[in-house]
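Colleague: The sequence shown maps to residues 303 to 447 in my numbering.
The C-beta atom is built at its ideal place from N, Cα and C for all residues, glycine as well.
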Amino acid sequence: MKSPPLHLQISQKIRLDIQEGRYHLGARLPTEEELCKQFKASRPTLRQALTTLANEGLIMRRPRTGSTVLASQPQIVLSHSVNSVNELLDYPGVMVRKILAMSYIKTDATLANAIHCPVNMEWFRIVSLRFQNNSNIPLCLTTYY
């Protein structure tokens, strides 16, 4: 049987280290150079492994500061981008939306990683419930930035 590609082996090992507490929440991973030596891998291979972990929400990668552990388990995120306020308000058209909160916020590390922006950036946040027409049972809680 063929072994998985090296980048997948590396991401699996680092994921396991995070889950077992070797790297705790908020901890910085070793530098790319140190990880390349540890795994006997090229920098592009290592970066591919780290990108996998970042896409799972386990780490946040930042140039010149390294990778920081954000979570011990992969995060499930549904993300839908829109290009205008009208498009946002029309999504989806057959639903009723009840706005629960609207406010300006500053991104923390976790949110900045999720919406791909710098930490401490100001965004306008809308939190709402969605209902199907003619129903009082909420279908989802949605947060827009």
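#1: Excluding the 5 residues preceding and the 5 following R399 in the sequence, name in chain order all residues of the same chain whose CB lies nearer than 6 Å to its CB.
#2: Just grab the DSSP bridge partners of S305 for me.
#3: Once you ignore the five residues that flank L355 on each side, which residues in its own chain have a CB closer than 7 Å to its CB?
#4: Return the CA-CA distance between V421 and A411, expressed in angstroms with no decimal places.
#5: Would you call the CB atoms of G359 and Q377 closer than 7 Å?
#6: Identify the residues that DSSP records as bridge partners of S430: which are they?
#7: How about L352 and S369: are their beta carbons less than 7 Å apart?
#8: Would H309 and T333 be called neighbours here (beta carbons separated by less than 7 Å)?
#9: Any idea what DSSP makes of E358, helix, strand or coil?
#10: When the Cα of N435 is compared with those of M303, Q311, M423 and M397, which residue comes out closest?
#11: Keeping to the same chain, check which residues put their C-beta closer than 7 Å to that of A343; ignore five residues upstream and five downstream.
#12: Is R427 closer than 7 Å to I401 when the C-beta atoms are compared?
#13: Where does I439 land, buried or exposed, given buried means 16+ other C-beta within 10 angstroms?
#14: Bridge partners for S374 per DSSP, in chain order?
#15: Just to check my reading of the structure: V371 and L327 have Cβ atoms closer than 8 Å, yes? What is that Cβ distance to the nearest angstrom?
Modeller: Per the coordinate set shown:
#1: As a working mapping, residue 399 is identified with position 97 in the sequence shown. Within the same chain, R399 has close Cβ partners S430 and R432.
#2: Residue 305 sits at position 3 when you count from the first residue of the sequence shown. In the DSSP output, where bridge partners are listed per residue, S305 has none listed.
#3: Reading the sequence shown from its first residue, position 53 is the one you call residue 355. Hits under 7 Å: S313, I316, R317 and I361.
#4: Residue 421 sits at position 119 when you count from the first residue of the sequence shown. Residue 411 sits at position 109 when you count from the first residue of the sequence shown. Between V421 and A411, the C-alpha separation is close to 6 Å.
#5: Your numbering for residue 359 matches position 57 in the sequence shown. Your numbering for residue 377 matches position 75 in the sequence shown. Result yes, Cβ atoms of G359 and Q377 sit closer than 7 Å.
#6: Here residue 430 is taken as the residue at index 128 of the sequence shown, counted from 1. In the DSSP output, where bridge partners are listed per residue, S430 has I401 and T444.
#7: In the sequence shown, residue 352 corresponds to position 50, counting from 1. In the sequence shown, residue 369 corresponds to position 67, counting from 1. Result yes, Cβ atoms of L352 and S369 sit closer than 7 Å.
#8: Walking along the sequence shown from the start, residue 309 turns up at place 7. Walking along the sequence shown from the start, residue 333 turns up at place 31. Result no, Cβ atoms of H309 and T333 do not sit closer than 7 Å.
#9: Taking the first residue of the sequence shown as position 1, residue 358 is located at position 56. Note: E358 maps to coil in three-state DSSP.
#10: Here residue 435 is taken as the residue at index 133 of the sequence shown, counted from 1. Nearest of M303, Q311, M423 and M397 to N435, Cα basis: M397.
#11: As a working mapping, residue 343 is identified with position 41 in the sequence shown. Result list for A343: L308 and I312, in chain order.
#12: Locating residue 401 in the sequence shown gives position 99, where the first residue counts as 1. Locating residue 427 in the sequence shown gives position 125, where the first residue counts as 1. In this structure, R427 does not lie closer than 7 Å to I401 by Cβ.
#13: The residue labelled residue 439 in the question sits at position 137 within the sequence shown. By the beta-carbon neighbour count (other beta carbons within 10 angstroms, threshold 16), I439 is exposed.
#14: Position 72 of the sequence shown, counted from the first residue, corresponds to residue 374. In the DSSP output, where bridge partners are listed per residue, S374 has none listed.
#15: Here the question's residue 371 lines up with position 69 in the sequence shown. Here the question's residue 327 lines up with position 25 in the sequence shown. In this structure V371 touches L327 by the C-beta definition: roughly 6 Å separates them, less than 8 Å.
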